[in-house]
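Engineer: Protein chains in written order, with numbering that gives the first Met the number 0: chain A, 0 to 446; chain B, 0 to 446; chain C, 0 to 446; chain D, 0 to 446.
Below you will find the structure I want to go over with you.
Number of protein chains: 4
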Amino acid sequence: MDNLEHDETIRLSIDAIIEKFRQVRKTSELQCEPLLIEDYGLQAMPETSPAKWHLAHTTWFFETFLLKPHLKNYKPLNPQYEYIFNSYYNGIGAQYPRPKRGLLSRPSIEEVYAYRHYVDDAMLDLLSAHKLCTDEIINNVILGCHHEQQHQELFFTDLKYSWFQNPLYPVYKEQSQNTGNKLMQAVPSKFKDTRKFNKKWIEINPDLYEIGFNNNSSSLLEGFCFDNELPKHKHYLHEASLSQHLVTNGEYLMFMEDDGYKRSEFWLSDGWALLQSKPGKQAPLYWVEQDEQWFEYSLQGLQILNLEQPVCHISAYEADAYARWKDCRLPTEFEWEVFANQTLNTKENKESGQFLESEIFHPAVELENNPAAVGTLWQWTSSAYSPYPGYKAATGAIGEYNGKFMCNQLVLRGGSCVTSKSHYRHSYRNFFYPPDQWQFSGLRLAK
Amino acid sequence: MDNLEHDETIRLSIDAIIEKFRQVRKTSELQCEPLLIEDYGLQAMPETSPAKWHLAHTTWFFETFLLKPHLKNYKPLNPQYEYIFNSYYNGIGAQYPRPKRGLLSRPSIEEVYAYRHYVDDAMLDLLSAHKLCTDEIINNVILGCHHEQQHQELFFTDLKYSWFQNPLYPVYKEQSQNTGNKLMQAVPSKFKDTRKFNKKWIEINPDLYEIGFNNNSSSLLEGFCFDNELPKHKHYLHEASLSQHLVTNGEYLMFMEDDGYKRSEFWLSDGWALLQSKPGKQAPLYWVEQDEQWFEYSLQGLQILNLEQPVCHISAYEADAYARWKDCRLPTEFEWEVFANQTLNTKENKESGQFLESEIFHPAVELENNPAAVGTLWQWTSSAYSPYPGYKAATGAIGEYNGKFMCNQLVLRGGSCVTSKSHYRHSYRNFFYPPDQWQFSGLRLAK
Amino acid sequence: MDNLEHDETIRLSIDAIIEKFRQVRKTSELQCEPLLIEDYGLQAMPETSPAKWHLAHTTWFFETFLLKPHLKNYKPLNPQYEYIFNSYYNGIGAQYPRPKRGLLSRPSIEEVYAYRHYVDDAMLDLLSAHKLCTDEIINNVILGCHHEQQHQELFFTDLKYSWFQNPLYPVYKEQSQNTGNKLMQAVPSKFKDTRKFNKKWIEINPDLYEIGFNNNSSSLLEGFCFDNELPKHKHYLHEASLSQHLVTNGEYLMFMEDDGYKRSEFWLSDGWALLQSKPGKQAPLYWVEQDEQWFEYSLQGLQILNLEQPVCHISAYEADAYARWKDCRLPTEFEWEVFANQTLNTKENKESGQFLESEIFHPAVELENNPAAVGTLWQWTSSAYSPYPGYKAATGAIGEYNGKFMCNQLVLRGGSCVTSKSHYRHSYRNFFYPPDQWQFSGLRLAK
Amino acid sequence: MDNLEHDETIRLSIDAIIEKFRQVRKTSELQCEPLLIEDYGLQAMPETSPAKWHLAHTTWFFETFLLKPHLKNYKPLNPQYEYIFNSYYNGIGAQYPRPKRGLLSRPSIEEVYAYRHYVDDAMLDLLSAHKLCTDEIINNVILGCHHEQQHQELFFTDLKYSWFQNPLYPVYKEQSQNTGNKLMQAVPSKFKDTRKFNKKWIEINPDLYEIGFNNNSSSLLEGFCFDNELPKHKHYLHEASLSQHLVTNGEYLMFMEDDGYKRSEFWLSDGWALLQSKPGKQAPLYWVEQDEQWFEYSLQGLQILNLEQPVCHISAYEADAYARWKDCRLPTEFEWEVFANQTLNTKENKESGQFLESEIFHPAVELENNPAAVGTLWQWTSSAYSPYPGYKAATGAIGEYNGKFMCNQLVLRGGSCVTSKSHYRHSYRNFFYPPDQWQFSGLRLAK
């Protein structure tokens, strides 16, 4: 390849990145359209962030890791934003206290949008200078886009949690007639056996497998993964089977009706202690009981619990307890990855699962016809979030992205109905603390 | 007086009440004008409430205690408001949890204003029917107006506390040129003796005094007081002197520079324990140290500390410690009331002090010329908030207004620069917990 | 009086003090006789102290305020004791953390007794030198004795609280046959009206009264009071009546059976909030329900609740709620003192009430015959613990004894069944926080 | 083998078990000999238990899992012990609250010893009936012995933690002259390079290894392991090296002097957050700074920090931060096990390390001559405590022994100077939470 050709390749590649950048940045703003200004600032617990903060912090990421170090003469719109929109990068400096993000009524929404557009313009200036775009710049732009896609997902999980505190149960988007009918159909409390269809188990043969991101694309965009998915490495798996289907609300209700929350023998010690510390009736987050009928809050409002949908917003403790009740267990993240690679052609899989693009913001698949191997819900695994053998974090503050969280958390796999398709890959490792319920987390059994 | 005359008297009286009602309701909305929609929902600690909630709760008060029981066919705008805008009236029913008020992004600001106007219209319907206005109705309307004036004051204390959490230090109202110059003049850190003017001490003779509200007006409006100011009763006072002036920032700084916060001998035991539990440098709330210069945050933004202004936003512990350092003590509320009655002609007094109508929202008096006996700052007393001998709370839920708080709190007297003139009277008993700092609280010495 | 006579008077006076000193010191040790070594170190909450610590701290008091400043060549047995047995005297120095007192297995019990005897010997050396005994020395010895008597009372309240944590319900002293029968008689849960005897109300006429300690004795010992009982001063009282009898367990149970703990209208706001934060059934501390029968734990073990005994170990919130339920209120401490002075001849009174010398350690009076005006139980008043007009604390660290606690607490009056007779006087002001239940606290109604 | 031979084999085997039982039971009591009665009840935090409780709970284990189900006509000494000495076995019933164990002054020490001997006698009755000893009985007796040996180790870790709260720094056992000199030798604060000897790194080849307990003994006693060490299974390891030596105090001090505790880049996120929440200077637990000299508290009292000894009582966060500072990492538990098996002949290894039998209760090895591969200190690994593939917990309450803790904890390997030699094996998996410091935990680097 001569120089000219090479330049042209880079140009095309950068053009694709610019397109990705534009699309991602626009999506964040489109997601906010149904919001009132009053909604942008909500923060119902320290772990969640206001919509406004998501909009600003993702912008801060581009400003901090691209514009300040790489765009000549770049002048920050407001120097105080470095402090107030830093999430957790100690290498950049101190951070405005996380639990107080909801108290930042200023800058206003209008000013935050102005901040976004100011940074967008500067980013396009930076990227337009093709020849100056080093690998580091290109990689960080792609990282910044995926970072923003992560926050697009958190936008939904956090908004849902905040709105749930409000007895008026706000609705993000009224469902269309078709989906509506399906979702709202009344289901009797004592339901018929939802397991009428045969649940299949997918077997994994004992062998040495390759785990981790497999870069078989020449595209920079498609060749992206987070550092925690690397290096690709060998892992020995013993014989195992994973269920083809996610556990449903109906199945989970049977666990509850069998006193699942009251029988210590199903629970990990820390999970049981957590249960004992909470007064009142236990259930998945967002389940609401009224007059002996279970309802579920979703971004479509409060609705009768649909027993055929997969159970979601359960903690790892709940997932594990349910599995024990069924004489099963959670899969490891390695089993899950082999299962996913084995049963699904990547392309089909991306089609089949329910991702953010479905715009339903709640698991709505018909399980019988669509086993939802990926998408729909993140699936708890029993694997602690740890570095792969030979893992190296990036140098500098950006290296704080993943590595420093590798303790006390569990890996979830599979993507969910609020994950962007273009952000997902099978090697994706999401991670949360075992008690966490506010993510779209569900359960696939293993044995 | 024949019937006709009597009716006319009532009509005039009710007209005055209607006028008061209109004016009070309008003031609450005017106060919000400088706010962005983003500001309405802020709640930085459980003890404070969002502006939006103040607007709605004061409306709820009229709806609950007047419209629902007394206006025939009144239909609530939204039945759920009974729950979400109830503050603490167990007699009415359960309450939405106080620490979560900031999470109510819905109803929107627009809806809250619509709620206000809906209730206003209904209230005017009720009051227009003069002949049907019983004493209970009239009394509760006046109570509702004073209740709303209390919340108008809390609007400022709560907003200030929330905004202070924001490193951008929002400004409620830019000060006019004149005030500005006065407030912003630089003062050297090691200041000259601000006590150049002679502070006078006002003596109280030992005697049996009358304490409590003295109704010497025939006007229903002027004859109002809260139940906790009654009954008027005898109280024996021993010899005492109260300072004519409030303690200034400059004087308080001398206490600090004399290691006042580090010397246990000045502190009440609970106050000392509280100090030890807090890391970092101690100072009145809203004092900010930057480069060895003290600044103070007010609703006019962050400004250099003015040493000649009275010190404010101190806890009762700080007030008490300062007093001990000066070999003085806090006055009792009884001494304070006698002092106020003795030294001030009520009319003059209302003119002289700095009330909300000054629209400065911060103590700005020139102490030398104006000793500020009332207004400017609430003044801590050493008196526990207790019932007067023979105290009777109103019956029903409205009786929860004052009586149930008569434990663990101290009385403050005098009104402040964010108290409405027309809401104030000398017998007014404000009450907060000893550690509280977010009210406009200052200190008058006694010995 | 010539010098010789004067000297003789002092000598006799000091001899009486030495006798008091010996007696008090011996009593502390006698109280511990029923304890196992295992019991000496128990501390079930920060507010309580281990028996061992009481023994050592009272010794520390004499060492710190008498031996170190006044006994020439006095050498402390162990210099570290100054730190570990200091309770709260900041003027002396830092203190070993109060919540950890139960962790001091060393010094051993044996070493603590050795410490006591070492200090006792030195104290007798000091006091034997009559001529060198200044007023300060004499006053501090008397204070030290009363200080130790306070701790003798706390010994019982603290031990009871610690033992109550043990499901084996240890017994301090088996009751004698006679008392035993009386206490253990079964009482039906649905009891007969225990109010069959007429409860009398004692009226107080409105007038100006003298409040505070009245020193009408020439004896140094009998002329003692704490600084908080002074100065004697005038206080105006309005018309009031106080019940001649304490509220009984049976009466309190009627309050409970009338849903007293579930009806917010009876409760102070802070008390109600405290109730809501506690799971489970509410009752006075030490009440234990087994098979729908109420038992009460006392230092005689767990026994069926005696409905005719006065209710004890209630918080001020419980006392106040009961009083409201009865359309009564708590008395003020001033009313109580006038009531006590008025109805009781001091001498008779000391005879009539049940004090520590009864060695029952639990209220056991027959209420019908003995109204128990003083003794039996401390009685909550509605009065905040505040300084009397003109109050002056002692100078130096010893001034921390009382004054610095004059905030957030309520006064209790009357002495209890674990208070020494010789320690008690009508002007005695005990003080605890409203939620506190572990003292022998009961209730006398006022109206 | 004919029946007679078979019986004889069993008899010999059971005799060995009886011998083990006697020895273990006696050891627990011998360990308590240096204690005063006052020391037996100390509990300085919920995670630790009083010595008395250890004595009783280990007895409870035999009573609960052997005598009650298997010894005919067994009558418990005190039925309440089932409740108060149950640790965490929900399958047995409710448990006396763990944080209150220090409040059980009764039963007395004497009664606890009587309980031990009562159960010992019954156990010997049970075991003497050889023919009735089923496999379940035999296995549970061996398990009970190892359970008690675990508590023998906890006896030391817990006692040390409790005594450390006492400023008198109690001594468990004065060291002999020889050891004493070595331990107490003064070391300059700015020390010479303690790494004068060459630290070797042991390499592990990438391969598929067998992990887990390897039962190659025909002896029942030696064939014992906990269920969490099974099943033996294959695990693929990548290339790695483990340091032959543990990190020393001197090395750790260099980390501290390089501001290790202040540089976020070395810390896991949760570890950094924990650091920020603690005021004051950070150091390993039991390090005490006096006059700019570091001391260390051990069961031999407070002594000058020995820089050549391995650093101990560090949390996993501290271990991990140190490793990053050295550009290394923690080993996985699999790497550790292969390392241990590879470098050490089991027999030699048991000789070489420092176990409880050394009776020094503190790491005292000369690192240069003895690399201390096992023994001396438990070594943090980066491996979450998880079930091995195919793990099965025992059925019934005894299955709560290990399995329910498999979440949120990390594995430590290697045994320590307070672990019994006969209790240790290379496959042993100890587990604690990352912040825990009160175990004898140290650090071996990997890279």
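Where is the CB? At the ideal position from N, CA and C, for every residue including glycine.
Among the residues of its own chain, which have a CB less than 8 Å from the CB of Ser357(A), if the five just before and after it don't count?
Structural biologist: Ala363 and Cys416
Engineer: For the beta strand (DSSP E) holding Asn448(C), just list the boundary residues, first then last.
Structural biologist: As displayed, chain C neither begins before 0 nor continues past 446, which places residue 448(C) out of reach and without an answer.
Engineer: Express the C-alpha separation of Val310(D) and Glu4(A) in angstroms, rounding to a whole number.
Structural biologist: 59 Å
Engineer: Less than 9 Å between the beta carbons of Arg24(D) and Glu147(D), yes or no?
Structural biologist: yes
Engineer: Taking Arg448(D) as the query, report the chain C residues whose CB atoms sit under 8 Å from its CB, ordered along the chain.
Structural biologist: Outside the shown range of chain D (0 to 446) lies residue 448(D), about which nothing can therefore be said.
Engineer: Helix, strand or coil: how does DSSP classify Tyr387(A) here?
Structural biologist: coil
Engineer: Chain B partners of Asp38(A), CB-CB under 7 Å?
Structural biologist: Using a Cβ-Cβ cut-off of 7 Å, Asp38(A) is close to Ser104 of chain B, given in chain order.
Engineer: Kindly say whether Trp59(D), judged by its beta-carbon, lies nearer than 9 Å to any beta-carbon of chain C.
Structural biologist: Chain C places no beta carbon closer than 9 Å to that of Trp59(D), leaving this residue out of the contacts.
Engineer: Starting from Ser127(A), follow the alpha helix (DSSP H) in both directions and report where the run begins and ends.
Structural biologist: Ile108 to Ser127
Engineer: Measuring only between beta-carbons, confirm whether Ala239(C) sits less than 9 Å from chain B.
Structural biologist: It does: the Cβ of Ala239(C) has a partner Cβ on chain B nearer than 9 Å.
Engineer: Helix, strand or coil for Val287(A)? Go by DSSP, reduced to three states.
Structural biologist: strand
Engineer: Interface residues of chain C around Leu207(B) at Cβ under 8 Å?
Structural biologist: Leu207 and Tyr235
Engineer: Buried or exposed: where does Asp38(D) fall if 16 or more other Cβ atoms within 10 Å of its Cβ makes it buried?
Structural biologist: buried
Engineer: Pull up the CB-CB distance for Phe212(B) and Ser426(B), whole angstroms please, since I reckon it's below 8 Å.
Structural biologist: With 8 Å as the limit, Phe212(B) and Ser426(B) qualify as a contact, their Cβ atoms being about 4 Å apart.
Engineer: If you draw a straight line from the alpha carbon of Tyr387(D) to that of Phe439(D), how long is it in whole angstroms?
Structural biologist: 25 Å
Engineer: Given that Tyr95(B) touches chain A, what residues does it touch there, using C-beta distances under 8 Å?
Structural biologist: Neighbours of Tyr95(B) on chain A, chain order: Pro166.
Engineer: Could you tell me the boundaries of the alpha helix (DSSP H) in which Leu252(C) lies?
Structural biologist: Asn248 to Glu256
Engineer: Mark Ser216(A) as exposed unless 16 or more other C-beta atoms lie within 10 angstroms of its C-beta, in which case mark it buried.
Structural biologist: exposed
Engineer: In whole angstroms, what is the alpha-carbon distance linking Tyr87(B) and Tyr285(B)?
Structural biologist: Rounded to the nearest angstrom, the two C-alpha atoms are 29 Å apart.
Engineer: What residue does the beta strand (DSSP E) around Val410(D) start on, and which one ends it?
Structural biologist: Leu409 to Arg412
Engineer: According to the neighbour-count rule (16 or more other Cβ atoms, all chains shown, within 10 Å of its Cβ), is Thr133(A) buried or exposed?
Structural biologist: Classification of Thr133(A): exposed, given that the 10 Å Cβ count is below 16.
Engineer: On a CA-only basis, which of Ile397(A), Arg428(A) and Glu399(A) is nearest Tyr384(A)? Give me that one, please.
Structural biologist: When each option's Cα is compared against that of Tyr384(A), the closest is Arg428(A).
Engineer: Between which two residues does the alpha helix (DSSP H) containing His53(B) stretch?
Structural biologist: Ala50 to Phe61
Engineer: Leu41(C) versus chain D: which residues are under 7 Å apart at the beta carbon?
Structural biologist: Leu102 and Ser104
Engineer: By Cβ distance below 6 Å, which residues in the same chain neighbour Trp293(C) in space, the five residues on each side in sequence not counted?
Structural biologist: Trp286 and Leu304
Engineer: Taking Cβ positions, are Gln30(D) and Phe163(D) nearer each other than 9 Å?
Structural biologist: no
Engineer: How about Asn77(B) and Phe225(B): are their beta carbons less than 9 Å apart?
Structural biologist: no
Engineer: To which residues does DSSP link Asp206(B) through a beta bridge?
Structural biologist: Leu236(B)
Engineer: Give the DSSP-derived three-state secondary structure of Trp377(D) in the structure shown.
Structural biologist: The three-state reading of DSSP puts Trp377(D) in strand, counting E and B together.
Engineer: Kindly indicate which residue of Lys231(C), Leu229(C) and Leu236(C) has the alpha-carbon position closest to the one of His232(B).
Structural biologist: Leu236(C)
Engineer: Can you have a look at Gln289(A) and say buried or exposed, based on whether 16 or more other CB atoms are within 10 angstroms of its CB?
Structural biologist: exposed
Engineer: Any idea if Lys19(B) is buried or exposed, counting beta-carbon neighbours within 10 angstroms, 16 or more meaning buried?
Structural biologist: Lys19(B) is buried by the Cβ-count criterion.
Engineer: Please determine if the stretch 256-271 of chain D and the stretch 311-319 of chain D are in contact, where contact requires at least 3 C-beta pairs separated by less than 8 Å.
Structural biologist: yes
Engineer: Between the C-alpha atoms of Pro106(C) and Glu46(C), what's the straight-line distance to the nearest angstrom?
Structural biologist: 21 Å
Engineer: Please list the partners that Gln79(B) has in chain A, where partner means a Cβ-to-Cβ separation under 8 Å.
Structural biologist: Pro166 and Leu167
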